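Visitor: Before I ask anything, let me first share the structure, which is written out below as structure tokens.
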Amino acid sequence: MREWRLAPLLVILLAVAPLTAAQPTLTTSKPSYAPGETITLIGSGWTPGARVAVEVRDPTDSTVYVEQVEVGGGGAFTITFRLKLTAREGLYTVYASSTAGETAVTTFTVTAAPFYPMIVTGVATKDMAGNLKSEFERGEMVIVEASFTYPGGPYYPEEMSYLVIIELFYGGRPMGLTLTRGTIRSGETKSFGGGIAIRHGAPTGTYTVEVYVWNGFPSEMGANWAALAEMETTTITVNP
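Taken in order, the sequence shown gives residues -16 to 223; the numbers are from my numbering.
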């Protein structure tokens, strides 16, 4: 009989208890980024049709990005932006507020992991006839071709100068080198090739080809020197 007496009381309590609306959320596509990377902000649970203002502040509390977006019919939105190459290390805070009075906060971290504006897309070794080849004999010429691209973007210059170096190593011993300089425009892909002769008295075995893309020699650029692409490698075999 006690259970029957409690039932009306539970009904009354449920009737007068306030309903708590789901809180809107704001997240990032991952917790940490490197300078120059693209960040995606993801909102969910917001009022459809409302306008959301977003502000990103760096570790010094300086505003580095602002944007406004309209919430979709499902209560969600996304905003994508790219960090500058000079972005400070540390904790960044993202504030969001809507015209419906909703607010949310999230954070992400910027680390000093290297970011390269160019990408070496391929390294190939060939003979003098242009045929792909990975095994050579002493006295032969190794033709090395490297392809690289500059995707560009809103935070990058339209054109960049580069220095491409192709070097051949046996163990840690340099055996030959070729290089070129040039400029590349946003969205372009370029190729560079050169020949490195294998000396008649060269050791046999596995050789490594290393391809570098720099903004110049360190002696020229000083404190402004930078690698523009991650080093890429391939190997060849030298037979007697």
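For glycine and all other residues, C-beta sits at the position ideal for the given N, C-alpha and C.
The structure displayed is predicted, hence computed values, not measured ones.
Among the candidates Ser12, Gly32, Val127, Ser144, whose CA atom is the shortest distance from the CA of Gly135?
Guide: Counting from one through the sequence shown, the residue named residue 135 turns up at place 152. The shortest Cα separation from Gly135 among Ser12, Gly32, Val127, Ser144 belongs to Ser144.
Visitor: Does DSSP classify Met111 as helix, strand or coil?
Guide: For the purposes of this step, residue 111 is taken as residue 128 along the sequence shown, with counting starting at 1. The answer is coil: DSSP assigns Met111 none of H, G, I, E or B.
Visitor: Only counting runs of 4 or more residues, tell me where the alpha helix (DSSP H) segments fall wholly within the region 133 to 181, in order along the chain.
Guide: The region 133 to 181 contains no whole alpha helix (DSSP H) run of 4 or more residues.
Visitor: Among the residues of its own chain, which have a CB less than 7 Å from the CB of Pro1, if the five just before and after it don't count?
Guide: Taking the sequence shown and counting its residues from 1, the one referred to as residue 1 is at position 18. Residue confidence is low: Pro1 scores 47 on pLDDT, short of 50, so the model does not pin down where it sits. No coordinate-derived value is stated.
Visitor: Could you check if Ala107 belongs to the surroundings of the ligand HEM, using beta carbon to heavy atom distance under 8 Å?
Guide: In the structure on display, the ligand HEM does not appear, and there are no ligands present to speak of.
Visitor: Check for me: the alpha helix (DSSP H) holding Glu203 runs from which residue to which?
Guide: Within the sequence shown, residue 203 is the residue found at index 220, counting from 1. Per DSSP, Glu203 belongs to the alpha helix (DSSP H) from 201 to 204.
Visitor: So, are the CB atoms of Glu142 and Ile167 less than 9 Å apart?
Guide: As a position in the sequence shown, residue 142 is number 159, starting the count at 1. As a position in the sequence shown, residue 167 is number 184, starting the count at 1. Between Glu142 and Ile167, the C-beta spacing is below 9 Å.
Visitor: Compute the beta-carbon to beta-carbon distance between Glu20 and Leu66, rounded to the nearest angstrom, for a pair I have assumed lies under 8 Å.
Guide: The sequence position of residue 20 within the sequence shown is 37, counting from 1. The sequence position of residue 66 within the sequence shown is 83, counting from 1. About 6 Å; that satisfies the 8 Å criterion.
Visitor: For Glu53, count neighbouring Cβ atoms within 10 angstroms of its own Cβ and tell me buried if that reaches 16, exposed if not.
Guide: What you label residue 53 is simply residue 70 of the sequence shown in a count that begins at 1. Label assigned to Glu53: exposed.
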